[in-house]
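Visitor: Chains as they are written, first to last, in this note's numbering: chain U, 1 to 326; chain V, 1 to 249.
#1: On the DSSP bridge assignment, give the partners of residue 24 of chain V in chain order.
#2: Just how far apart, CA to CA, sit residue 50 of chain U and residue 22 of chain V?
#3: Grouping DSSP H, G and I as helix and E and B as strand, with all else coil, what is residue 234 of chain U?
#4: So what does DSSP say about residue 124 of chain V, is it helix, strand or coil?
#5: Would you list the one or two residues that DSSP bridges to residue 170 of chain V?
#6: Pairing CB atoms from the segment 42–61 of chain V with CB atoms from the segment 183–197 of chain V, are three or more of them under 8 Å?
#7: So, with DSSP's three-state summary, where would you put residue 109 of chain V?
#8: Can you round the beta-carbon distance between residue 27 of chain U and residue 44 of chain U to whole angstroms, since I take them to be within the 8 Å contact cut?
#9: Grab the span of the alpha helix (DSSP H) containing residue 257 of chain U for me, first residue to last.
#10: Helix, strand or coil, according to DSSP, for residue 89 of chain U in the structure here?
#11: Just reading off the alpha helix (DSSP H) that residue 30 of chain V is part of, what are its end residues?
#12: Run through chain U and tell me which residues come within less than 8 Å of residue 173 of chain V, C-beta to C-beta.
#13: Where do the N-terminal and C-terminal ends of the alpha helix (DSSP H) with residue 191 of chain V fall, by residue?
#14: According to DSSP, simplified to helix, strand and coil, what is residue 141 of chain U?
#15: For a quick check, are the C-beta atoms of residue 25 of chain V and residue 167 of chain V less than 9 Å apart?
#16: Any beta-carbon of chain V closer than 9 Å to the one on residue 35 of chain U?
#17: Helix, strand or coil: which one does DSSP assign to residue 16 of chain U?
#18: Does any CB atom of chain U fall closer than 9 Å to the CB of residue 222 of chain V?
#19: Just to make sure I have the definition right: I need the residues of chain U whose C-beta is within less than 9 Å of the C-beta of residue 86 of chain V. Which are they?
#20: Residue 319 of chain U: buried (16+ other C-beta within 10 angstroms of its C-beta) or exposed?
#21: Just the Cα atoms here: how many angstroms apart are residue 147 of chain V and residue 157 of chain V?
#22: Should residue 99 of chain U go down as buried or exposed, given a rule of 16 or more other Cβ atoms within 10 Å for buried?
#23: In three-state DSSP terms, what is residue 318 of chain U?
#24: Is residue 65 of chain V helix, strand or coil by DSSP?
#25: Residue 124 of chain V touches chain U at which residues, Cβ-Cβ below 7 Å?
#26: Please identify the residue among U:6, U:62, U:58 and U:73 whose C-alpha is closest to the C-alpha of residue 37 of chain U.
#27: Would you mind stating whether residue 232 of chain U and residue 210 of chain U have Cβ atoms separated by less than 9 Å?
#28: Tell me which residues of the segment 223–235 of chain U have at least one Cβ-Cβ distance to chain V shorter than 8 Å, keeping chain order.
#29: State the Cα-Cα distance for the pair residue 169 of chain V and residue 225 of chain U, rounded to the nearest angstrom.
#30: Determine, using beta-carbon pairs with one atom in the segment 235–243 of chain U and one in the segment 106–113 of chain U, whether at least three such pairs fall under 8 Å.
#31: Measuring alpha carbon to alpha carbon, tell me which of U:90, U:24, U:180 and U:5 ends up nearest residue 316 of chain U.
#32: Would you call the CB atoms of residue 18 of chain V and residue 76 of chain U closer than 9 Å?
#33: Compare the C-beta of residue 184 of chain V against all C-beta atoms of chain U and say whether one is closer than 9 Å.
#34: Could you check if residue 29 of chain V is buried or exposed, using at least 16 other CB atoms within 10 Å of its CB as the buried criterion?
#35: Using only the alpha-carbon positions, how far apart do residue 82 of chain V and residue 307 of chain U sit?
#36: Could you name the residues of the segment 253–266 of chain U whose beta carbon sits closer than 7 Å to any beta carbon of chain V, in the order they occur along the chain?
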């Protein structure tokens, strides 16, 4: 069959298909009979393969290629059930990913805790390190907030709770995402940010513990620390998952390994954001408010305990494992 | 020409669908993507300015709440804008849509929300050098790494695309100008041609009217082994063979 004959024969059908696609792409599924659409797309697939086989002109092949691509994008939609996915993530995906990546969990904790305690201990021998890390202005701030003579509620100095909530969302989740993205630089970015955070927090800890009022600092951080620290560590794990694909791709090519790391790291990336979001709620609306110190400490202990229970025990049943392997 | 060489030259992604047919996706290069990005940045900037004005006016009494709202909006604009639109039905931000681009999975399907999230977190790495300030909520970087990564991957993928396994493609087919079909006698080729060679000749035939005569001759000279002639005579002979192939199919 000649190209012109083929086109003339199919033109009315193509016009109808084109119109149907336009309606569907606008999202107006009511206006057409959807049950007929898959068959129509398959018919265009047949047209395209015929046109290619018979070496019809590039213009017609391009046109049919476009029509098939449109149809495919509309018909082959795999995603759905957002609510189901969220539930799966919390009851299976996230805790399972944490257990699967326990080696990265250990490495990331080490890259945070070793500098943290290292700099803290160093204060007893040489105060220069802590002083130079904190800098003049930051030490003044710490004296003001956590000094021996500071009084009053935190929020008098910080402004309202909501402003701080906004600040923590923007800043802290931003840092998490920075840690994750830094993983793509062969993991160096993630580890560097973890390490520098460890040094900074360790220095602040050492300074306040020795020169200021430990109770003010500890009662402020205890409530949100479990979620915030773990969120940062999980971000580091996600970053390292991506970084390891470059350093140690194993049997795969580096490109394939990167793709896999994106898939495997996704629960960790989302998990880091969720944890840091929880931390921002606590930090904004709980940590700075004038509650009894003992109560604040207990909220912190319970937080650590709940996280441990969640990550050790949730998602181990056969059913959860089946969900996780999907 | 062996199959691999053809694919190296081509900036298309061929995907075989479940229906058994192969579709070709036209991959977009760095330039249209940079324009789309610029547009998106302008939209984000303008939105932030407008929201800033509105929040300042409304929260005149309590500046702290206003700042809080602004910071949250900044966070969602800088991290969520791209993810929200790319995970949507059209798979494209406003900038990409304007330029006629969309993001798809390497298999030709729409991307999942997870893929959209991953490729946009890694924007930060693609922005290097020049670390954006996340505190101010505005993500602006030079996209130097992303640009070089695009140049060194066959499918113009930046780091985020590689990790999320995505491509940026044109939504519309290549604009094909049509002219008069070449007026030549059909002529049987002297040797049997492979399928790829037949396709190349057929393409040459259907596009010939879009080129100048010098260009047509320049291309047909590459096939002088087949036609045994160069210049004008070779071109006419080649077109004749192409016509013969198309008529036989």
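Idealized CB from N, CA, C, for every residue including glycine. All of these numbers come straight from a predicted model, not from anything done at the bench.
Guide: Quick look at the numbers:
#1: Locating residue 24 of chain V in the second chain gives position 24, counting from the first residue. Looking at the DSSP assignment, residue 24 of chain V forms a beta bridge with V:14.
#2: The residue given as residue 50 of chain U occupies position 50 in the first chain. The residue given as residue 22 of chain V occupies position 22 in the second chain. Residue 50 of chain U and residue 22 of chain V have their C-alpha atoms roughly 12 Å apart.
#3: In the first chain, residue 234 of chain U corresponds to position 234, counting from 1. If DSSP states are grouped into helix, strand and coil, residue 234 of chain U belongs with the helices.
#4: On the second chain, residue 124 of chain V is found 124 positions in, with the first residue counted as 1. Reduced to three states, the DSSP call for residue 124 of chain V is helix.
#5: Numbered from its first residue, the second chain carries residue 170 of chain V at position 170. V:101.
#6: At 8 Å Cβ cutoff, the stretches do not touch.
#7: As a working mapping, residue 109 of chain V is identified with position 109 in the second chain. In the structure shown, residue 109 of chain V sits in coil (DSSP, three-state: anything other than H, G, I, E or B).
#8: Here the question's residue 27 of chain U lines up with position 27 in the first chain. Here the question's residue 44 of chain U lines up with position 44 in the first chain. At roughly 21 Å, the Cβ-Cβ gap does not stay under 8 Å, so residue 27 of chain U and residue 44 of chain U are not in contact.
#9: Working through the first chain from its first residue, we reach residue 257 of chain U at position 257. Here the alpha helix (DSSP H) through residue 257 of chain U covers 254–282.
#10: Indexing the first chain from 1 puts residue 89 of chain U at position 89. In the three-state DSSP reduction, residue 89 of chain U falls in the helix class (H, G or I).
#11: The residue you call residue 30 of chain V lines up with position 30 of the second chain. From DSSP, the alpha helix (DSSP H) with residue 30 of chain V extends over 30–58.
#12: Residue mapping note: residue 173 of chain V aligns to position 173 of the second chain, counting from 1. Under a criterion of Cβ atoms nearer than 8 Å, the residues of chain U adjacent to residue 173 of chain V are, in order, 62, 63, 65 and 66.
#13: The residue labelled residue 191 of chain V in the question sits at position 191 within the second chain. Taken as a continuous stretch (DSSP letters only), residue 191 of chain V belongs to no alpha helix (DSSP H), as it is neither H nor E.
#14: Position 141 of the first chain, counted from the start, is the residue given in the question as residue 141 of chain U. Per DSSP, reduced to three states, the secondary structure at residue 141 of chain U is helical.
#15: For this step, residue 25 of chain V is matched to residue 25 along the second chain. For this step, residue 167 of chain V is matched to residue 167 along the second chain. Cβ distance < 9 Å, so residue 25 of chain V and residue 167 of chain V count as in contact.
#16: Counting from 1 along the first chain, the entry for residue 35 of chain U is found at position 35. For residue 35 of chain U, no Cβ of chain V is located within less than 9 Å of the residue's own Cβ.
#17: Position 16 of the first chain, counted from the start, is the residue given in the question as residue 16 of chain U. If DSSP states are grouped into helix, strand and coil, residue 16 of chain U belongs with the helices.
#18: Indexing the second chain from 1 puts residue 222 of chain V at position 222. Cβ-Cβ to chain U under 9 Å: no for residue 222 of chain V.
#19: Within the second chain, residue 86 of chain V is the residue found at index 86, counting from 1. Listed by position along chain U, the residues whose Cβ is nearer than 9 Å to that of residue 86 of chain V form an empty set, because the closest Cβ is around 13 Å away.
#20: Taking the first chain and counting its residues from 1, the one referred to as residue 319 of chain U is at position 319. Residue burial annotation: residue 319 of chain U is exposed, with fewer than 16 other C-beta atoms found within 10 angstroms of its C-beta.
#21: Taking the first residue of the second chain as 1, we reach residue 147 of chain V at position 147. Taking the first residue of the second chain as 1, we reach residue 157 of chain V at position 157. A straight-line Cα-Cα distance of about 9 Å links residue 147 of chain V and residue 157 of chain V.
#22: Within the first chain, residue 99 of chain U is the residue found at index 99, counting from 1. Note on residue 99 of chain U: under 16 other CB atoms within 10 angstroms of its CB, so exposed under the neighbour-count rule.
#23: In the first chain, residue 318 of chain U corresponds to position 318, counting from 1. Assignment of residue 318 of chain U by DSSP, reduced to helix, strand and coil, places it in the helix class.
#24: By 1-based counting over the second chain, the position of residue 65 of chain V is 65. Note: residue 65 of chain V maps to helix in three-state DSSP.
#25: Within the second chain, the letter at position 124 stands for residue 124 of chain V. By Cβ distance, chain U contributes 177, 178 and 181.
#26: Stepping through the first chain from its first residue, residue 37 of chain U is reached at position 37. Closest by alpha carbon: U:73.
#27: Numbered from 1 along the first chain, position 232 holds the residue referred to as residue 232 of chain U. Numbered from 1 along the first chain, position 210 holds the residue referred to as residue 210 of chain U. No. Outside cutoff.
#28: Going along the segment 223–235 of chain U in chain order, one finds no residue with a Cβ nearer than 8 Å to chain V.
#29: Position 169 of the second chain holds residue 169 of chain V. Position 225 of the first chain holds residue 225 of chain U. Using only the alpha carbons, I get a separation of about 44 Å.
#30: Touching, per the Cβ criterion.
#31: Within the first chain, residue 316 of chain U is the residue found at index 316, counting from 1. Nearest of U:90, U:24, U:180 and U:5 to residue 316 of chain U, Cα basis: U:90.
#32: In the second chain, residue 18 of chain V corresponds to position 18, counting from 1. In the first chain, residue 76 of chain U corresponds to position 76, counting from 1. The beta carbons of residue 18 of chain V and residue 76 of chain U sit closer together than 9 Å.
#33: In the second chain, the residue the question calls residue 184 of chain V occupies position 184. Using a CB distance cut-off of 9 Å, residue 184 of chain V does not count as an interface residue toward chain U.
#34: Taking the first residue of the second chain as 1, we reach residue 29 of chain V at position 29. So residue 29 of chain V counts as exposed.
#35: Taking the first residue of the second chain as 1, we reach residue 82 of chain V at position 82. Taking the first residue of the first chain as 1, we reach residue 307 of chain U at position 307. So the two alpha carbons sit approximately 31 Å from each other.
#36: Among the residues of the segment 253–266 of chain U, those with a Cβ less than 7 Å away from any Cβ of chain V are 255, 258, 259, 261, 262 and 266, in the order of the chain.
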